[in-house]
Each structure stands twice: as C-alpha cells, then as structure tokens.
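The sequence shown begins at 98 in this note's numbering and counts up one residue at a time. Think of the CB as a built atom: it goes at the ideal place given N, C-alpha and C, for glycine as much as any other residue. Presented below is the structure to which this report refers.
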Amino acid sequence: WDHIQGFPFFTPLYDPKNTFRVHSVRGAHGSLERVFSGSMASDYFPIPLSSLSCDLQFIEMQGPIELPGGVRIRFHHLNHPGVAIGFRLEAHGKVVTYLSDHENFVKLNGDNDIARRQDADIAAFAQDSDLLISEAQYTEEEYPRRRGWGHSTYDDAVRCALAAKAKRLAVFHHDPERTDDVLDAHLSHCRELVRQAGSSMACFGAQEGQILEL
C-alpha cells in the first residue's frame with residue numbers, strides 16, 4: 098500500500114485530455130492494474146479506477162520495450178518482499194537506471210557465490226549509467242535491526258554504483274525521519290567512499306522537482 102497510495106491523488110488522472118500508459122511487470126498477486134483497482138475500491142476511495150476521466154491503459158512488460166522517441170526500457174527484478182522492479186532507460190546514447198526498493202543480496206543472505214552473483218547482476222544491469230537513481234535508506238549501524246525489509250544502506254548503494262561505473266549517483270528513498278542536516282552528513286559519507294575508491298563519480302541527494310541534464 099505504501100508504494101501506491103499516491104496514485105489516486107495524482108490530479109492529471111481526472112483530466113479527460115490526458116493519456117497515460119502504465120508499463121509494469123506482473124507481481125506476486127497479479128497485475129498492477131488489479132492492485133490499483135483494489136486500492137481504489139469503495140472501502141478505501143470514493144472514485145473507482147474504472148471511473149477515471151483520463152485515457153488510462155496498463156501494459157504488462159514481458160521483456161524490453163521500445164517507446165516513441167527512441168527510448169528503450171529494460172527491467173530487472175530487485176530484492177524486496179513481494180516484487181520490486183528496477184528500470185533501465187536508454188535513449189540517444191544516454192542511460193538512466195532506477196533501483197528501488199532493493200536490499201543487497203550478500204547483506205541479506207550471507208557472503209556466498211549465489212548472493213555475490215546476484216549483486217553483480219544488479220550492477221551489470223546498471224552498467225555505465227549516466228545517472229543511477231538508487232535508494233539508500235539506512236546506515237550500516239541501522240541495518241541489522243531492519244534486515245529483510247528490502248532496503249539498502251548508503252555503503253551498498255555506493256558500492257553498486259562504483260561496480261556499475263555509473264557517472265552520477267542520485268541517492269533517494271530517504272528515511273522520512275532524516276533531517277536535512279543528517280542527510281547532508283550521510284551524503285558526505287557517500288562522497289568519502291567514492292573518494293577512497295579513487296572514482297570521479299558524482300554523488301548527490303535526489304530532491305523533489307529536481308531537473309538534471311544528461
């Protein structure tokens with residue numbers, strides 16, 4: 098529920114002039130359309146999904162897709178209870194990869210060949226991203242009490258980005274209890290990890306409304 102609760106309050110959905118195509122991957126409990134429809138049932142919301150004014154269509158991805166304008170989208174399953182999907186967008190020689198919600202496999206399952214290969218697969222999926230948007234919710238000290246919740250530490254996010262040779266890392270999925278000062282301190286820690294690795298990768302905190310040029 099926490100992943101989708103904002104959808105009914107997205108006001109452009111109620112404008113008949115708008116067209117939306119929602120590309121998704123089938124989850125553990127059926128299609129994304131079914132999940133959204135259930136969240137807008139009469140017990141929870143006054144307007145059912147079927148009554149939205151816009152032209153809305155859900156498209157289930159079976160593999161990579163091509164969108165108008167030369168945009169290619171790939172997806173990869175992430176490590177989160179239920180199902181979470183990462184997306185890689187390639188267009189005009191640029192790559193943006195989005196990873197959330199995801200927990201490091203070695204952290205969760207121990208240091209073994211399978212877990213290392215799974216972590217390497219995630220880094221390969223994000224390989225050579227011009228921009229990697231990656232969650233980092235916990236510190237290393239906080240993680241043990243939240244193990245299995247499906248989220249990364251700052252150190253894990255940086256290590257994955259370095260392994261992927263990303264040019265820029267946008268850290269997001271900030272813990273809602275963080276103050277700006279605390280976030281700044283954690284971002285400084287991330288930049289120090291990048292410096293220690295001898296990398297020139299830029300690292301910053303994602304902000305609402307932020308616009309970046311690739």
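Check, Outcome
"Looking only at C-alpha atoms, which of F117, R214 and S226 sits nearest to K191?", "S226"
"Please confirm whether R171 and P178 have their CB atoms less than 8 Å apart.", "no"
"In whole angstroms, what separates the C-alpha of Q234 from that of S139?", "34 Å"
"Between the C-alpha atoms of G167 and L259, what's the straight-line distance to the nearest angstrom?", "27 Å"
"Taking the alpha-carbon positions, what's the G135 to I182 distance?", "20 Å"
"Going by other Cβ atoms of all chains shown within 10 Å of its Cβ, with 16 needed for buried, is R213 buried or exposed?", "exposed"
"Who are V119's beta bridge partners in DSSP?", "F155"
"Please state whether the Cβ-Cβ distance between I308 and A267 is less than 8 Å.", "no"
"Shortest alpha-carbon distance to R275 belongs to which of S297, G127, A220 and E239?", "E239"
"So the beta strand (DSSP E) Y93 belongs to, where does it begin and stop?", "Absent from the model: residue 93. The displayed extent of the chain is 98 to 311, so no value can be given."
"Would you call N209 buried or exposed, if buried means 16 or more other Cβ atoms sit within 10 Å of its Cβ?", "exposed"
"Please return the same chain residues whose Cβ sits closer than 6 Å to the Cβ of C58, not counting the five positions on each side in sequence.", "In this structure the chain extends from 98 to 311, so residue 58 is not present and cannot be described."
"Report yes if the CB atom of S150 is closer than 8 Å to the CB atom of P113, and no otherwise.", "yes"
"Determine the direct distance from the alpha carbon of G207 to that of R243, and round the result to whole angstroms.", "15 Å"
"Out of curiosity, what's the CA-to-CA distance linking L228 and P143?", "39 Å"
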